[in-house]
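Report on the structure given below.
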Amino acid sequence: MEELDLIVESVKHDMEAAIKHLDHAFQRIRAGRASTNMVQDVMVEYYGAPTPLNQVANVSVPDAMTISIQPWDRTSINAIEKAIINSNLGFAPSNNGENIILNVPPLTEERRRDLAKQAKSETEDTKIVVRNARQNGLKELKKLEGVSEDVIKGIEADIQELTDKHVKACDDHLKAKEAEIMKI
Numbered sequence: 001m002e003e004l005d006l007i008v009e010s011v012k013h014d015m016e017a018a019i020k021h022l023d024h025a026f027q028r029i030r031a032g033r034a035s036t037n038m039v040q041d042v043m044v045e046y047y048g049a050p051t052p053l054n055q056v057a058n059v060s061v062p063d064a065m066t067i068s069i070q071p072w073d074r075t076s077i078n079a080i081e082k083a084i085i086n087s088n089l090g091f092a093p094s095n096n097g098e099n100i101i102l103n104v105p106p107l108t109e110e111r112r113r114d115l116a117k118q119a120k121s122e123t124e125d126t127k128i129v130v131r132n133a134r135q136n137g138l139k140e141l142k143k144l145e146g147v148s149e150d151v152i153k154g155i156e157a158d159i160q161e162l163t164d165k166h167v168k169a170c171d172d173h174l175k176a177k178e179a180e181i182m183k184i
């Protein structure tokens, strides 16, 4: 019975990790307001090593349409600008010698639709991961020997219930993100 519990826990863990990844992906999709999450994945070439932006500068949001980046080492300002440009975020950084300012332009209707499509694509990818976790769990169940068919059917039903719950969570996350994106 311990093996059965381990299989179910493994499937549940994989599905929850997929939902966490979806949340992280949604944080990077901007919804019209400036956020420090928009630049959290930017890697800066700092003394020859790729370093996360938040480890070489203070990132803040002074207002809803501006991201301010204040490097701790002023000599790294050009490297930070280059990293932002190369990250394809769609921002044109400007600096005054001390800070880098990113102006977040308001979203057009077309851009909002594109972001909604991107969110939908991320959701579909997450659903695939959830279903793959279900498949892996079912394969592990089939490998077990000496377990009655009734017990296996019950565990399969539990795994299907977990799958349905996590697919619904994906849909709920998407609905909330689409509402956030389309809100003007």
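Under UniProt numbering, think of the first position of the sequence shown as 1, with each following residue one higher.
Yeah, the Cβ is synthetic: ideal placement off N, Cα and C, and Gly gets one too.
Please read these numbers as outputs of a predicted model, since none were measured by experiment.
| Query | Result |
| --- | --- |
| Between E109 and P93, is the Cβ-Cβ spacing less than 8 Å? | no |
| According to DSSP, is S94 part of a helix, a strand, or is it coil? | strand |
| Taking Cβ positions, are V56 and V39 nearer each other than 8 Å? | no |
| If you draw a straight line from the C-alpha of residue 203 to the C-alpha of G137, how long is it? | Residue 203 lies beyond the residue range present for the chain, which begins at 1 and ends at 184; the question has no answer from this structure. |
| I'd like the ranges of any alpha helix (DSSP H) spanning at least 4 consecutive residues and lying wholly in the segment 61-114. | 77-86 |
| Give a yes or no on whether the C-beta atoms belonging to S76 and S68 are separated by under 8 Å. | no |
| Beta-carbon within less than 7 Å of Y46's beta-carbon, same chain only, minus the 5 sequence neighbours each way: which residues are those? | V56, S76, A79 |
| Per DSSP, T51 is paired with what? | V44 |
| Looking at I7: is its Cβ nearer than 8 Å to the Cβ of E140? | yes |
| When the Cα atoms are used, what is the spatial distance from E156 to D172? | 24 Å |
| Rounded to a whole number of angstroms, what is the C-alpha to C-alpha distance between P106 and E3? | 53 Å |
| Within the same chain, show all residues whose beta-carbon is closer than 7 Å to that of A116, passing over the 5 residues directly before and after it, in chain order. | E178, I181, M182 |
| List the endpoints of the continuous alpha helix (DSSP H) containing A25. | 2-28 |
| Thinking just about the alpha-carbon of each residue, which of E9, M15, S10, P52 is nearest to the one in K127? | M15 |
| Can you tell me which of the three DSSP states V129 falls into? | helix |
| Counting along the chain, where does the alpha helix (DSSP H) carrying T163 start and finish? | 149-182 |
| Tell me the rounded alpha-carbon separation between E9 and S121. | 27 Å |
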